[in-house]
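First comes the structure, then the notes that go with it.
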Amino acid sequence: MSLTGWFRKHQRHMLVGVAVFLMIAWGIGPALRTMRTAPRSSAGAIRGERVTQAETMEARLSVEMVLRLGMLDFQRAFALRRLYPEARRDSLYLVLLSPFRSFVFPDGPRLSDDSVWRFLVLLREAEAADITWNSAEIEALLAGVFPDGKNLNASQYENYLLSRRFTDAAVTQRAGDIVKVLKLIALRRSAVLVSSAECWQIYCYRNERVRIKYVMLDGKQFEPLVEATEEQLQDFYQNYKDKFVGEGGSPYGYMAPRRVKVEYAMASVEEVKKDIKVTREEIDQYYRQHKADYGIAADTDSAAPVEISDAVREQIRVKLAAQKAEDEVTRRVDDTLSQLRSVSERYGNGPQPLSQYARSHGLDYHVVRTESGRDLVSSQQLAQLAPGGEEMAKFAFAEGDEELYFPMKIARPGEFTLIYQVLERSEPETQTFAQVKEQVREDYVKVQGAEKAERFAEKLCDQARQTDMETAALEMGKRLKNLLQAVGQTQGQETLALEVKESEPFGRSAAPFPAVAESAFALEVGQVAVARAKPPSYRVYVFETTERMPASEEDFARSEEALRSGTLMLKQQRALNTWMGALLSRAHKEERKQG
Numbered sequence: 054m055s056l057t058g059w060f061r062k063h064q065r066h067m068l069v070g071v072a073v074f075l076m077i078a079w080g081i082g083p084a085l086r087t088m089r090t091a092p093r094s095s096a097g098a099i100r101g102e103r104v105t106q107a108e109t110m111e112a113r114l115s116v117e118m119v120l121r122l123g124m125l126d127f128q129r130a131f132a133l134r135r136l137y138p139e140a141r142r143d144s145l146y147l148v149l150l151s152p153f154r155s156f157v158f159p160d161g162p163r164l165s166d167d168s169v170w171r172f173l174v175l176l177r178e179a180e181a182a183d184i185t186w187n188s189a190e191i192e193a194l195l196a197g198v199f200p201d202g203k204n205l206n207a208s209q210y211e212n213y214l215l216s217r218r219f220t221d222a223a224v225t226q227r228a229g230d231i232v233k234v235l236k237l238i239a240l241r242r243s244a245v246l247v248s249s250a251e252c253w254q255i256y257c258y259r260n261e262r263v264r265i266k267y268v269m270l271d272g273k274q275f276e277p278l279v280e281a282t283e284e285q286l287q288d289f290y291q292n293y294k295d296k297f298v299g300e301g302g303s304p305y306g307y308m309a310p311r312r313v314k315v316e317y318a319m320a321s322v323e324e325v326k327k328d329i330k331v332t333r334e335e336i337d338q339y340y341r342q343h344k345a346d347y348g349i350a351a352d353t354d355s356a357a358p359v360e361i362s363d364a365v366r367e368q369i370r371v372k373l374a375a376q377k378a379e380d381e382v383t384r385r386v387d388d389t390l391s392q393l394r395s396v397s398e399r400y401g402n403g404p405q406p407l408s409q410y411a412r413s414h415g416l417d418y419h420v421v422r423t424e425s426g427r428d429l430v431s432s433q434q435l436a437q438l439a440p441g442g443e444e445m446a447k448f449a450f451a452e453g454d455e456e457l458y459f460p461m462k463i464a465r466p467g468e469f470t471l472i473y474q475v476l477e478r479s480e481p482e483t484q485t486f487a488q489v490k491e492q493v494r495e496d497y498v499k500v501q502g503a504e505k506a507e508r509f510a511e512k513l514c515d516q517a518r519q520t521d522m523e524t525a526a527l528e529m530g531k532r533l534k535n536l537l538q539a540v541g542q543t544q545g546q547e548t549l550a551l552e553v554k555e556s557e558p559f560g561r562s563a564a565p566f567p568a569v570a571e572s573a574f575a576l577e578v579g580q581v582a583v584a585r586a587k588p589p590s591y592r593v594y595v596f597e598t599t600e601r602m603p604a605s606e607e608d609f610a611r612s613e614e615a616l617r618s619g620t621l622m623l624k625q626q627r628a629l630n631t632w633m634g635a636l637l638s639r640a641h642k643e644e645r646k647q648g
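Laid out in structure tokens, this is it:
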């Protein structure tokens, strides 16, 4: 059948198909165009109004310009300050470098959806406040980004922008939005002030002084009074068995840390130097090669007899001996290391015969051990017990077992060179009560001793309030002696009189005992209180504030302006952080598109 005949036969069906197609096209085409051109929300709502796709794109261009033109470069900021010393212009760029930078780029200066959103939040706020910009402000903002400051001519300026894919019109538009945001931040910052009363309050806090007299009680004095039953020790152990010492601030813990067994072989420069010989010929040759160092012209006859004073000859001998010792140490260690790695290539992963090769090359061999003889040591112990221990620990405690049996080298020029290898690792584990019972007992007794010291201090404090510190100390000293006599613990102690001491004047940040600092300033003269130090100290203080020395108004008058300046910066920064954080929390961010 011909093609023409086929069309005649099926023309009715084709006409129906064309009609259906046109109906669909007429209906869907406008809808597609509408969807393509209609504003879409890509970020959410700010100040109760939707953010359009167009706004987001413009904000992205502004943020991109800040980064691409290097506006956050601190060195350019200094250049700007020289070009435009006026306070208003200067302050705008400083706003860009500090509060603007920290808010818009909390994760560092890079373009991201979050940085664009944050910029939009500020821009909407600036527009709601009817903040505008002018050409002088844009000029001041952009001046610091040009390589030659004001020396750029129009052609250079245009080329500079084109190299960064910007036009003058685009830069002006984007800079206008940036200026509006910076002016908003500057206005909010300028509204924060510091009064003289605030400055005086801060100055007083920092410069007021007090003097105290005190009695110090040490928990150790009360440890003989502590009874530690098996049940009490078990309870104490249960509280700390799954903690490391220092974890969460706890001074107690019975988890054994990750530990390693490490061996090393070393050569000491000082030890090797003892066997080094330096010949007279070597000294003469060195002298000839370094004549200039000794005030002799380098072009003098090298074959002439060498006349060297004994002092210079000894100086050269010491220098050459040190060099030769350094070279010998390096040779011994490198030869040993080469043999070890050769063995490793042949026999695979396993302990290398370090001790065997070390002795054959004149190296001193050691296994790192604690004072008690344990050869499994923690990171802290390794750092303390082995030469180069801190560097060893970084490698020895790295994750993975592939570092086992792999010999490593550490060199300390002028001191030593060594090889070490990790032989074994043990993972953290809870030590059994039997393993740590004595440590548990020691810790428990310390804690209870401090508790008893504090209760005793409270009684001393009550008595001091009724009488005075000296009388109370004398009376309570006798009571403590009687308590210790009752448990047979006064041998060698004729008296346990508690000594009353007096401090020098001190401020809040320079108290002789941190435990008493704030409490002493909270007391009126003649008032008494108790303060307990935090572990690892187990001391308790009973103290009386005996004198308060107010801050000097004359000194304050001389330092007020400097204090005001520093205080104002901190206060303004806190206020800006609070305000910008509130703006961000009220804005509703989302990623849903609106048709």
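First residue of the sequence shown: 54, per our numbering; consecutive thereafter.
Every residue gets a Cβ at the ideal spot worked out from N, C-alpha and C, and that includes glycine.
Pop quiz: residue i and residue j are said to be a contact at Cβ under 8 Å. What is the actual Cβ separation, rounded to whole angstroms?
i    : j    : result
K314 : T483 : Actually they are not in contact, since the Cβ atoms of K314 and T483 sit about 21 Å apart, beyond 8 Å.
A374 : I329 : 5 Å
Y258 : R561 : 7 Å
F158 : S115 : Not really, about 13 Å apart at Cβ, beyond 8 Å.
I'd like the list of long-range same chain contacts for residue i, defined as Cβ closer than 6 Å, with 5 residues on each side in sequence excluded.
i    : result
A436 : G442, E443 and A446
T548 : Because the pLDDT of T548 is 44, which lies under 50, any placement of that residue in the model is unreliable, and the number read from its coordinates should be weighed accordingly. Hits under 6 Å: none found.
G82  : At G82 the pLDDT is 42, less than 50, meaning the model places this residue with poor confidence and gives no usable figure here.
P200 : Low confidence applies here, because P200 scores a pLDDT of 45, under 50, leaving its location unreliable; read the following figure in that light. Nothing listed; no residue qualifies.
V420 : E316 and D428
R422 : D428
Excluding the five sequence neighbours on either side, which residues of its own chain have a C-beta within less than 7 Å of the C-beta of residue i, listed in chain order?
i    : result
L176 : A112, D230, K233 and V234
L629 : P152, I238, R241 and R242
P440 : M319, F469 and L471
F297 : G306, M308 and P310
A181 : R100
H414 : R385, D388 and T389
Q368 : none
T225 : I191
P304 : V298, P588 and P589
Give the DSSP bridge partners of residue i, in chain order.
i    : result
M319 : D417 and L471
F11  : Shown here, the chain extends from 54 to 648; a query on residue 11 therefore has no answer.
E600 : R264
I361 : Answer by DSSP bridge pairing: none, since I361 is not bridged.
H641 : A98
V313 : V430 and R478
K531 : In the DSSP output, where bridge partners are listed per residue, K531 has none listed.
Y340 : Answer is none; Y340 lacks a bridge partner.
T389 : Paired residues: none, contrary to the question.
Y307 : For Y307, which the question treats as bridged, DSSP gives no partner whatsoever.
K377 : Partner(s): none; K377 has no beta bridge.
L457 : V475
Y594 : M269 and A584
Going by beta-carbon coordinates alone, are residue i and residue j separated by less than 8 Å?
i    : j    : result
V581 : F289 : no
V593 : C514 : no
A364 : K326 : no
G502 : K266 : no
E284 : M602 : no
Q507 : V583 : The question names Gln, but residue 507 in the sequence shown is Glu. Yes, they are a contact pair.
K624 : V148 : no
Q392 : Q474 : no
Y591 : D271 : yes
Starting from residue i, follow the beta strand (DSSP E) in both directions and report where the run begins and ends.
i    : result
L270 : R262 to D271
D582 : Reading the sequence as shown, one finds Ala at residue 582 and not Asp. That run of the beta strand (DSSP E) goes V581 to R585.
Please report the residue range of the alpha helix (DSSP H) in which residue i lies.
i    : result
M461 : Taken as a continuous stretch (DSSP letters only), M461 belongs to no alpha helix (DSSP H), being part of the beta strand (DSSP E) at M461 to R465.
K236 : D221 to S243
R518 : F486 to Q519
N292 : E283 to Y293
R163 : Unbroken run through R163: none, as it is neither H nor E.
R154 : R154 to V157
F448 : G442 to A449
E552 : From DSSP, E552 is part of no alpha helix (DSSP H); its letter is neither H nor E.
E571 : A570 to A575
Which same chain residues, not among the five before or five after residue i, have their C-beta less than 8 Å away from its C-beta?
i    : result
Q516 : T524, A525, E528 and M529
Q546 : Low local confidence applies: a pLDDT of 48 at Q546 is under 50, so the model's placement there is unreliable, and no value is given.
A222 : none
V553 : K266, Y267, V268, M522, E523 and A526
V540 : P277 and L278
R518 : V581
V578 : T598, T599, E600 and R601
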